[in-house]
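Below you'll find the structure, written out as structure tokens, and then a few comments.
Number of protein chains: 2
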Amino acid sequence: MGSTDRKVNFNAGPGLLPREVIEEVRENLLSLGSSGVGVMEHSHRGKEFVAVLEAAEAGCRDLLGLNDEWAVLFLSGGASTQFYMAPMNFLNGGTANYLDTGDWSAKAIKEAQRFGTVHIAASSKAEKYVRIPSGPLDEAPGAVYTHFTSNNTIYGTQWRQEPEAKSPLICDASSDIMSRPVALDKYAMIYAGAQKNLGPAGVTLVVVRKDFAASGRKDIPTMLRYTTHIEKESCFNTPPCLPIYVMALVFKWLAKKGGLEGIEKHNEAKAKVLYDCLDGSAFWTTPVEKASRSLMNVVWRLPSEELEKKLVADASAAGFHGIKGHRNVGGLRASIYNAMELADVERFVAFLKSWEKANG
Amino acid sequence: MGSTDRKVNFNAGPGLLPREVIEEVRENLLSLGSSGVGVMEHSHRGKEFVAVLEAAEAGCRDLLGLNDEWAVLFLSGGASTQFYMAPMNFLNGGTANYLDTGDWSAKAIKEAQRFGTVHIAASSKAEKYVRIPSGPLDEAPGAVYTHFTSNNTIYGTQWRQEPEAKSPLICDASSDIMSRPVALDKYAMIYAGAQKNLGPAGVTLVVVRKDFAASGRKDIPTMLRYTTHIEKESCFNTPPCLPIYVMALVFKWLAKKGGLEGIEKHNEAKAKVLYDCLDGSAFWTTPVEKASRSLMNVVWRLPSEELEKKLVADASAAGFHGIKGHRNVGGLRASIYNAMELADVERFVAFLKSWEKANG
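These protein sequence lines map, in sequence, to chains Y and C.
Sequential numbering from 1127 applies to the first sequence in our numbering.
Sequential numbering from 1127 applies to the second sequence in our numbering.
Pasting the structure below:
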């Protein structure tokens, strides 16, 4: 049976969750509160789970500052479902701007192309995605929306602020959702798979302007219309109840951390500690342009792949889990999502420094 | 915080889970085995979760007796996603038979109509769904498949055996999957939302013949092709990891119960105890034709709605949760899925008998 000793988890996703959240889940698995029925076993239409759903929605609204013009949806199928669901609803033979900043952007582009014209308004593909495109976008006239990936887990880049576009933004924020405040007025929709900053895999948060959702096509499957889920308050069919419950607890934890302003400071402090270490010696190489660095996924290289492999193994033995880079790019990656503690990053940096002495 | 005292949970879905399964989940939330990383926090591509996925697939294959001609997929979006995904893949302007035995069949029919011709080959709608259609189906010539709902949670009916059709069966088995053996050779595909017999809400089991999957359309979103998920072994994108883990544990539990033959005997014994009680007094009315009675969802009525309301409240106070009938039909319903213990049904029957004496 499992122990309660935990490694420092740098996984890129699914990623770590706050320990206090997991402990609260444990306490409610056999019986949600004093209901006598476990949190996985309640009817999604019963008062106990309805309260969970309401808490999740209220937590999300408070953190992002969403008014009634916005809907909060708890869907399934991951961001990969949004890659086709958004253009299926909104593109409808028209044109949309897509900003190509990595593999996930490229996947969104591929799925959108079935539903209309995808105009690449910015791309860093030619530079192997080591930076976020700068300068004004090359926008298509009359674009219905502008789609971008706010943070790129594989390449370790992040938009420091929202791109400036004439059409409303649709954002895949899977890997930096709620890691910092957002300029809501620029967006029509933000979506995020939960498994990095919000909860376990299995639920996708979608916040969407209700008027934008209403502009979507009606002649598509009922499950694929945003308006269906708005009308049915995420209960058109049985939603992923446990992942939503965990997300509600994460929202509560985030509020205690000072909301998005508080967590942003926390995230900046963690990233600084790690980037400072990597910048402090020529032994480590950071491929990403400094202005494009992600505060969520820190990527770096060593002089050889052998050394990289050794670092992954030695780190694991020392209790630091999941620092192998994505298989598409190699190298090393430490994902330091919201739930990562500053003290754990500091311990990791101390480990890196001593490892450099031994192996550099 | 939650206690560990549990009510007898007759919810129609999400439904109860075996206590030993929940306890094993609890033990692995902070650390899966000795890995130091909780089961919700492992990468879906890491060896620990890959082992979970393999155990889930192997468990499913053993229980259903699936050979290599079959694929086992762990998808998301519930049965409601299969309502459109199956016809989107396979109907393609052709004709399919649909058997209309209740609200869920009707929903599947509605979504299929976007993709071709839906031929109603049997229906009990005119009889308000109180029985399963008998006699030969009125099949459309050249039908691509025949879709049916094996068990109808709302009306409390169940196909005693598979319908005889010339085209391969596609079955929504959400509410009786793995409650008894199936005649696999009649099927092209079986799908089931997990939240009744297999696990928590958030994962959908799909078993599909590989040759049938390969016949599906290619010009649809990548996520909506069964072949995508077969090629990527349910990891085209991040799957719902925790629900899959719970399902793997449920499969292990089912194997210990004697597999599908064992659980069928268990289910027959439970249903007999409850139906015998309801048949034993004119105080209780069972609307469903006897030959069509569900072994999973037992529905009945009392002489008045006031008495029904009182029974729901008194049962709840006595520790019997969730016996209110579906809002579309009213009355009473006890869902006695795989994880329901015979002793709990016997205790409930004793309660019903004493309640009848006091209120009859």
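All C-beta atoms in this analysis are idealised placements derived from N, C-alpha and C, irrespective of residue type, glycine included.
Just the C-alpha distance for residue i and residue j, rounded to the nearest angstrom, thanks.
i         : j         : result
Y:Ser1161 : Y:Asn1154 : 10 angstroms
Y:Ala1238 : Y:Asp1298 : 13 angstroms
Y:Pro1369 : C:Glu1167 : 12 angstroms
C:Arg1473 : C:Asp1226 : 35 angstroms
C:Gly1159 : Y:Val1332 : 33 angstroms
C:Gly1128 : Y:Ala1309 : Note that C:Gly1128 has pLDDT 47, beneath the 50 cutoff, so the model's placement of it is unreliable and no number is given.
C:Asp1470 : C:Lys1378 : 22 angstroms
C:Tyr1313 : Y:Gly1384 : 54 angstroms
Y:Leu1428 : Y:Ala1439 : 14 angstroms
C:Gly1219 : C:Arg1343 : 11 angstroms
C:Lys1336 : C:Ser1276 : 22 angstroms
Y:Ser1300 : C:Gly1164 : 20 angstroms
C:Leu1421 : C:Glu1359 : 33 angstroms
Y:Ser1418 : C:Cys1186 : 46 angstroms
Y:Val1329 : C:Ser1461 : 27 angstroms
C:Met1466 : Y:Val1176 : 24 angstroms
C:Asp1405 : Y:Glu1174 : 33 angstroms
Y:Val1455 : Y:Asp1402 : 23 angstroms
C:Glu1146 : C:Tyr1463 : 16 angstroms
Y:Asp1131 : C:Ser1157 : 7 angstroms
C:Phe1274 : C:Pro1140 : 21 angstroms
Y:Pro1144 : Y:Val1372 : 10 angstroms
C:Ala1339 : C:Ile1148 : 34 angstroms
Y:Tyr1271 : Y:Ile1389 : 29 angstroms
Y:Gln1321 : C:Glu1290 : 44 angstroms
Y:Gln1284 : C:Ser1293 : 52 angstroms
At 7 angstroms on the CB atoms, spell out the chain Y contacts of residue i, in chain order.
i         : result
C:Leu1142 : Glu1167
C:His1447 : Gly1162 and Val1163
Hey, could you find the ends of the beta strand (DSSP E) residue i is sitting in?
i         : result
Y:Gly1319 : Tyr1313 to Gly1319
C:Asp1226 : Thr1221 to Asp1226
Y:Ser1206 : Not the beta strand (DSSP E): Y:Ser1206 falls in the alpha helix (DSSP H), residues Gly1204 to Phe1216.
C:Leu1498 : With chain C running from 1127 to 1486 in the structure shown, residue 1498 of chain C is simply not present.
Y:Trp1410 : Where Y:Trp1410 is concerned, there is no enclosing beta strand (DSSP E), given that its DSSP letter is neither H nor E.
C:Thr1272 : Thr1272 to Thr1275
C:Thr1243 : Thr1243 to Ser1249
Y:Trp1230 : Looking at the DSSP string, Y:Trp1230 is not in any beta strand (DSSP E); the run it does join, the alpha helix (DSSP H), is Asp1229 to Ala1238.
C:Phe1175 : Unbroken run through C:Phe1175 is the alpha helix (DSSP H), Lys1173 to Leu1190; no beta strand (DSSP E).
Please compile the residues from chain C whose C-beta is within a distance smaller than 8 angstroms of the C-beta of residue i.
i         : result
Y:Val1137 : The sequence shown places Asn at residue 1137 of chain Y, rather than the Val named in the question. What Y:Asn1137 touches in chain C: Val1163, Glu1167, His1168, Ser1169 and Gly1172.
Y:Arg1343 : The contacting residues do not exist; Y:Arg1343 stays about 12 angstroms from chain C at best.
Y:Arg1152 : Arg1152, Leu1155 and Leu1156
Y:Arg1459 : In chain order: nothing, as chain C lies at least about 11 angstroms away.
Starting from the beta carbon of residue i, find every residue of chain C whose beta carbon is closer than 9 angstroms, and list them in chain order.
i         : result
Y:Cys1367 : Pro1140, Gln1321, Pro1326, Ala1327 and Gly1328
Y:Tyr1210 : Ile1346, Pro1347, Thr1348, Met1349 and Leu1350
Y:Glu1237 : Pro1347, Thr1348 and Met1349
In chain Y, what lies closer than 8 angstroms to residue i by C-beta?
i         : result
C:Phe1362 : Ser1206
I believe residue i touches residue j by the beta-carbon criterion, under 8 angstroms. Please report the beta-carbon distance rounded to the nearest angstrom.
i         : j         : result
Y:Ile1080 : Y:Phe1209 : There is no way to answer for residue 1080 of chain Y, as the model of chain Y reaches only from 1127 to 1486.
C:Thr1348 : Y:Gly1204 : C:Thr1348 to Y:Gly1204, Cβ: 12 angstroms. No contact.
C:Asn1323 : C:Ile1296 : No, C:Asn1323 and C:Ile1296 are not in contact; Cβ-Cβ is about 18 angstroms, not under 8 angstroms.
C:Asp1264 : C:Ala1248 : 7 angstroms
C:Pro1366 : C:Ser1202 : 5 angstroms
C:Lys1133 : C:Gly1445 : 5 angstroms
Y:Trp1138 : Y:Arg1459 : It is Ala, not Trp, that sits at residue 1138 of chain Y in the sequence shown. Their Cβ separation, rounded to whole angstroms, is 6 angstroms, which keeps Y:Ala1138 and Y:Arg1459 in contact under 8 angstroms.
C:Ala1395 : C:Leu1468 : 6 angstroms
Taking the beta carbon of residue i as the centre, do at least 16 other beta carbons fall within 10 Å, making it buried, or is it exposed?
i         : result
Y:Thr1411 : exposed
C:Pro1267 : exposed
C:Lys1254 : exposed
Y:Ser1480 : exposed
C:Ser1260 : exposed
Y:Asn1278 : buried
C:Gln1287 : exposed
Y:Pro1262 : exposed
Y:Ser1407 : exposed
C:Ala1476 : exposed
Taking the continuous alpha helix (DSSP H) assigned at residue i, which residues delimit it?
i         : result
C:Ser1161 : First-last for C:Ser1161: undefined, no H or E at that position.
C:Trp1379 : Cys1367 to Lys1382
C:Leu1386 : Gly1385 to Asp1405
By the criterion of Cβ-Cβ separation under 9 angstroms, what are the contact partners of residue i in chain Y?
i         : result
C:Ile1148 : Leu1155, Leu1156, Gly1164, Met1166 and Glu1167
C:Gly1203 : Leu1201, Ser1202, Gly1203, Thr1207, Met1349 and Asn1363
Which residues in chain C sit within 7 angstroms of residue i, going by Cβ to Cβ distance?
i         : result
Y:Gly1228 : None at all; the shortest Cβ gap to chain C is about 15 angstroms.
Y:Arg1240 : Pro1347
Less than 8 angstroms between CB atoms is the rule here; does residue i satisfy it with respect to chain B?
i         : result
C:Gln1287 : Among the protein chains of the structure shown, namely Y and C, there is no chain B.
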